[in-house]
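Here's the structure we're looking at; comments come further down.
Protein chains: 2
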Amino acid sequence: MGELTGLTVGDLDEAGLLAQFTAHLPAGPGTILGPGDDAAVIAAPDSRAAVSLDLLTEGSHFRRDWSTGFEIGVKSATANVADIVAMGARPTSLVVGLGLPLDLPASYLIDLAKGLAHVCEPAGIGVVGGDLIQAPQLLVAIAAYGDLGGRSPVLRSGARPGDVLAHVGALGQSAAGLALLKAGRRDSHPNLVNAHLQPICPLLSGHVIADAGATAMMDVSDGLLRDAARIATASAVGLEIDLTSEAIVEAKAPLASAGEVLEVDPLVWILGGGEDHGLIATFSPEAGLPPGFAQIGTVTTGAGITVTGGELPDGVAGWDHFGG
Amino acid sequence: MGELTGLTVGDLDEAGLLAQFTAHLPAGPGTILGPGDDAAVIAAPDSRAAVSLDLLTEGSHFRRDWSTGFEIGVKSATANVADIVAMGARPTSLVVGLGLPLDLPASYLIDLAKGLAHVCEPAGIGVVGGDLIQAPQLLVAIAAYGDLGGRSPVLRSGARPGDVLAHVGALGQSAAGLALLKAGRRDSHPNLVNAHLQPICPLLSGHVIADAGATAMMDVSDGLLRDAARIATASAVGLEIDLTSEAIVEAKAPLASAGEVLEVDPLVWILGGGEDHGLIATFSPEAGLPPGFAQIGTVTTGAGITVTGGELPDGVAGWDHFGG
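Protein sequences, first through last, are from chains C and P.
So for the first sequence, the numbering used here puts the first residue at 0; every next one is plus one.
So for the second sequence, the numbering used here puts the first residue at 0; every next one is plus one.
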């Protein structure tokens, strides 16, 4: 990395940049052919692959004055890994495309690769290829692949009245961290800021969740209420979220101090905040919940989302990158 | 599409835009689960998948004042399909992410989806998912998947001295079309302009090429000399390209008139022009060439590219989207 000091993306050609970037990408046990050819080759052990693609761009999903390249790598990998886990699959491989401003330091690429590796390497996820183009804003496009291991995918549409609604992962911490960054209070609650800059998907395989009999699942990227509403719509059921449930009550504690500082009810972040990349899933009431999951509500015969056990605070909204 | 008249991307929410876009995407025989969940599920019949990801962005790869949405869909699909074919695989599925300026007409999305379908539907390629984000410039990110059908992938690194170098597809037509567009002469040679705006991958499966014993292959996206040099480097061989070969001589004819108008030697486009998305491959001299392929040179024990049978014209360059 020493030889990149002081250089920008515009100082190197595409081959040079790619070589620097791919040198820091991990292979995984499912990586049959890694970067360097027209395509990579990955294992798909059960003759299927769960596939997703996610775009993150400067301004909408991260800011370079807030995030290091490493943090953008972590966040991008997590967002994609969570989509695969939410199908009940085990992520095996990522392919990464980057849009690069010409004035970006070349070392930024290495940091971003290391952030991807930080999430992927311990989980045995190979980062098997990449494409680099010039772009006015930093952009990260990741395609992710997962192995269902012979299981049926866990869809959004399988929730049944009477099922338990459960959650695993952080709730509202990413939104609180974002609010702190926006308020210029980066240093007052570093754990929350870090939860925004480097979110963690709480499980790196969805197999255990599928095996526990999850009837529906998705990752919480746009806010608990908004994403739960998607399960309700897809399953043609209602979801009751209980504000007195232990998981929601306990989620307030780490947010309380930041809420006081910013004069925000932590419930606003818990119910409306995006980008935590926890998982919500529904389970038959007879089934036990998989490790880490806690009940936050129940599935009903109604429609949409109902909140019980308290008032919905003002200002709760899901996250939409467009107008509506 | 009537209800979208006059609306822009900024007038609709993400769910509405996605619903409009995905309604026009084709499923394929390998599509197990299409758009609408956290991930799609595709078939990978031989327990492997060839995977690639390609980014195309306004300014670098297309211009909205030159290309319709349909044409951008065609070009983006072709670029990705070619990467998979170049591995000796059969493309089965695409996942598409779009970065959308808020002032883009909403109908543009439908046109783009129809352009993707135009390439994919006849070839049995499913477009199985998508992600839409806001972006300052139109951006198309496509992940492509291919089935190797039990074959070994055809790498860039397998060319051996004595092999035949062969090509299939257009040569220089996309570059000539781009030059005409840049010169404001869009109407004088519509076939060439169309070859730039809607390039065609000459084969929609690489299986026949792998079965013919191709020792190395790649698609010509950055120019014949530059891409051939990549095979030479990866294979540690030299490549001699014969300017008197029938394929190269014949490639001049459709370019002659545009070359006169723009005062460009057609060889400049044939040897240096990118984005034709034809295929170059090497074959044992004993093997017959697959349908459509024609010899353009030979593999030698040297290094790099040598041109025989004529002078290399001034101004030949490969395509690099960065500085170098």
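All residues carry an ideal CB built from backbone N, CA and C; glycine is no exception.
Here the structure is a predicted model, which means the values were calculated and not measured.
Residues of the region 39 to 62 of chain C with a C-beta less than 9 Å from any C-beta of chain P: Ala39, Val40, Ile41, Ala42, Ala43, Pro44, Asp45, Ser46, Arg47, Ala48, Ala49, Val50, Ser51, Leu52, Asp53, Leu54, Leu55, Thr56, Gly58, Ser59 and His60, listed in chain order. For P/Ala174, the uninterrupted alpha helix (DSSP H) run begins and ends at Gln172 to Lys181, by DSSP. Chain-order list of chain P residues neighbouring C/Arg155: Asp36, by C-beta distance under 7 Å. Rounded to the nearest angstrom, the gap between the Cα atoms of C/Gly98 and P/Val219 is 22 Å. Restricting attention to beta strand (DSSP E) runs no shorter than 3 residues, the region 16 to 87 of chain P encloses them at 30 to 32, 39 to 42 and 47 to 56, ordered along the chain.
If you draw a straight line from the Cα of C/Phe69 to the Cα of C/Leu111, it is about 5 Å long.
Our two residues, C/Ile124 and C/Thr91, have alpha carbons roughly 5 Å apart in a direct line. Short of 8 Å from the beta carbon of C/Leu17, and not among the five residues preceding or following it, lie these beta carbons of its own chain, in chain order: Pro34, Gly129 and Leu131. With a cutoff of 7 Å on beta-carbon distance, C/Ala211 and C/Ala286 are scored as near each other.
In the three-state DSSP reduction, P/His195 falls in the helix class (H, G or I). Not flagged as an interface residue toward chain C: P/Ala209, since no C-beta distance is shorter than 7 Å. At a cut-off of 7 Å between beta carbons, C/Ile83 contacts chain P.
P/Gly114 counts as buried, since no fewer than 16 other beta carbons sit within 10 angstroms of its beta carbon. The beta-carbon separation of P/Val267 and P/Gly314, rounded to 5 Å, stays under the 8 Å limit for a contact.
In chain order, Pro135 and Gln136 make up the part of chain C whose C-beta sits under 7 Å from the C-beta of P/Pro135. If you ignore the 5 residues before and after C/Arg47, its C-beta comes within less than 7 Å of the C-beta of Leu147, all in its own chain and listed in chain order. With a threshold of 16 other beta carbon atoms within 10 Å, C/Asn79 meets it and is buried. Taking a beta-carbon distance threshold of 7 Å, P/Ile304 does not count as an interface residue toward chain C.
Under the DSSP assignment, C/Ile141 falls outside any alpha helix (DSSP H), being part of the beta strand (DSSP E) whose first and last residues are Leu138 to Asp146.
By alpha-carbon distance to C/Ser106, the top candidate from C/Leu93, C/Leu180, C/Val127 and C/Gly15 is C/Gly15. For P/Gly128, the enclosing beta strand (DSSP E) starts and ends at Gly125 to Gln133. With a threshold of 16 other beta carbon atoms within 10 Å, P/Gly301 falls short and is exposed. Exclusion of the five residues before and after C/Ala175 leaves Leu191, Leu254, Ala257 and Trp268 as the residues of its chain whose Cβ lies within less than 6 Å of its Cβ.
Put simply, the CB of P/Asp130 is near chain C, with a gap under 7 Å to one of its CB atoms. Put simply, the backbone Cα of C/Ser156 is about 32 Å away from that of C/Glu57. Taking a Cβ-Cβ cut-off of 7 Å, the neighbours of P/Asp218 in chain C comprise Asp37, given in sequence order. Proximity of C/Ala140 to chain P, defined by a Cβ-Cβ separation below 7 Å, is satisfied. For P/Gly72, no CB of chain C lies under 7 Å from its own CB, so it is not counted at the interface with that chain.
Annotation: C/Gly183 has no Cβ neighbours in chain P at a cutoff of 9 Å; minimum Cβ distance is about 24 Å.
Beta-bridge pairing by DSSP links C/Thr297 to C/Val163 and C/Glu239. The continuous stretches of alpha helix (DSSP H) do not include P/Arg89, which lies in the beta strand (DSSP E) extending over residues Arg89 to Leu99.
For C/Val306, the secondary structure class from DSSP, reduced to helix, strand or coil, is strand. Beta-bridge annotation (DSSP): P/Ile279 is paired with P/His166 and P/Met217. Just measuring C-alpha positions, the residue of C/Gly222, C/Ala178, C/Pro100 and C/Ile295 sitting nearest C/Val8 is C/Pro100. Taking C/Arg89 as the centre and dropping the five residues before and after it, the same chain places the C-beta of Gly145, Asp146, Gly148, Ser204, Gly205 and His206 closer than 7 Å to its C-beta, in chain order. Taking C/Leu202 as the centre and dropping the five residues before and after it, the same chain places the C-beta of Val84 closer than 6 Å to its C-beta, in chain order.
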